[in-house]
Amino acid sequence: DLHTNKLYKNDKVPSMFNPTNSITSFYQEMDTIVEILQKEYPNDKIKKSGGFWYKPDYYMGWHNNNSKKGIRLYLTYSDENGKSFFRYRDNTGNIVTTYDQKGWTIRMFDVSENPNDFYWHSVYSKCNRFSFGFNIEER
């Protein structure tokens, strides 16, 4: 299962990922992350798939990203503990909610063009939540 929810609790976040920096610097740093991912996946094509700032009470409704198959990777930063979440439908049809901890979270999941394998998911936040998406596609 490619769904991963890994929490980073290290307070020493590299300055380039520091959410106190301007929003513009976040998007510029996505290029740096693409370079890092390209080293990890040298045979695949890495593309930025979106950068979002979810302010309190912002959300993204149910969707499946099926227009771009591959592995989707999201780096998210939440400024409060347990006040934002990622919700998805697992392969048995159950709805699973994973709450963000304060700090950085990495999530990965497979995106399929097959309607039977769509990875339906949504996001909600009651705090500031910054999300940076990348698509890893086989060449």
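Residue numbers (my numbering): 1 to 139. Virtual Cβ for every residue (Gly too), placed ideally from N, Cα, C.
Within a 10 Å sphere around the beta-carbon of Gly61 sit fewer than 16 other beta-carbons, which makes this residue exposed. Check the Cα spacing between Gly50 and each of Arg72, Glu35, Pro115: the tightest is with Arg72. Distance from the CA atom of Asp117 to the CA atom of Asp110, rounded to whole angstroms, is 9 Å. Between the segment 78-89 and the segment 122-134, the count of C-beta pairs closer than 8 Å reaches three or more; the two stretches touch. Residue environment analysis places Gly70 among the buried positions, since at least 16 neighbouring C-beta atoms fall within 10 angstroms of its C-beta. Counting along the chain, Asp100 sits inside no beta strand (DSSP E), nor does DSSP assign it H or E at all. In the DSSP secondary-structure assignment, Val111 is bridged to Gly70. In terms of Cβ geometry, Lys55 and Phe134 do not form a close pair [threshold 8 Å].
With 16 or more other Cβ atoms inside 10 Å of its own Cβ, Tyr74 counts as buried.
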